[in-house]
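Enquirer:
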Amino acid sequence: MLAAALTAAVAVTFAMSAAAKLADPGAFRRSLPATLGVAPLRANRLAPAVVAAELAVLPPLVLGAWWVPAALLGFASAAALLIAFTAALLSMIRRGVTEPCHCFGAQDSPPGRLDLVRNGLLAGFAVAGLVVAAVAGPVVGSSAVEVGGGALLGAAAALLVVRLDDLRWMVGPVLPGLG
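So the sequence shown is numbered by the numbering used here: it starts at 16 and just counts up by one.
1) Extract the residue ranges of the alpha helix (DSSP H) inside the segment 57–106, only unbroken runs of 4 or more that lie entirely within it.
2) Hey, out of L17, A18, M16 and A33, whose CA is closest to V177's CA?
3) Let's test the definition: count the other Cβ atoms within 10 Å of the Cβ of D39 and tell me whether it reaches 16, buried, or not, exposed.
4) Please report the residue range of the alpha helix (DSSP H) in which G135 lies.
5) Pull up the CB-CB distance for L96 and V72, whole angstroms please, since I reckon it's below 8 Å.
6) Do you know how far the Cα of L131 is from the Cα of L105?
7) Which residue marks the beginning of the alpha helix (DSSP H) containing R45, and which one marks its end?
8) On a CA-only basis, which of F90, R45, D123 and A49 is nearest F29? Give me that one, please.
Structure representation (structure tokens):
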């Protein structure tokens, strides 16, 4: 169940991120000069490369249900991307960027500490998935209830973590300073 949950959490995260960028590719591309400080021409090349990298994580994660080396590649790739994305977020925060990053689609708020928390949780899912895949082996062989339940749990966890910024108003007074 844990392997299925972690696989679903990471896969749903990257699918949501890529889908949001593909739904409005111009918004992400246009945000890159202000958020990362890259030239517009470089942003034109970087934006589709980021989407391609996010989508490239998905096949190994799916194949990893049957073949452990694919799962290891998928989780390691996801962790590496999340580390790179977190480094970019940290740079934006340190530079005082006020432009929303459009990492998961339309956002009104600039990058903040809550985004770092989100990425830390997502990287934790990827690293945990790497460990579980290495220790427990493939998901196939588990009961359908375990796999299905784990996948639903992982998808729900991904939705909650990815949408932390949207949920901030609910927990704002409880988590001061995470804006």
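Glycine included, every Cβ here is placed at the ideal spot set by N, Cα and C. Please read all numbers here as calculations on a predicted model, not as lab measurements.
Expert: In this structure, then:
1) 73–78
2) It is A33 whose Cα lies nearest to the Cα of V177.
3) exposed
4) R128 to A151
5) 7 Å
6) 7 Å
7) P40 to L51
8) Of the candidates F90, R45, D123 and A49, the one whose C-alpha sits nearest the C-alpha of F29 is F90.
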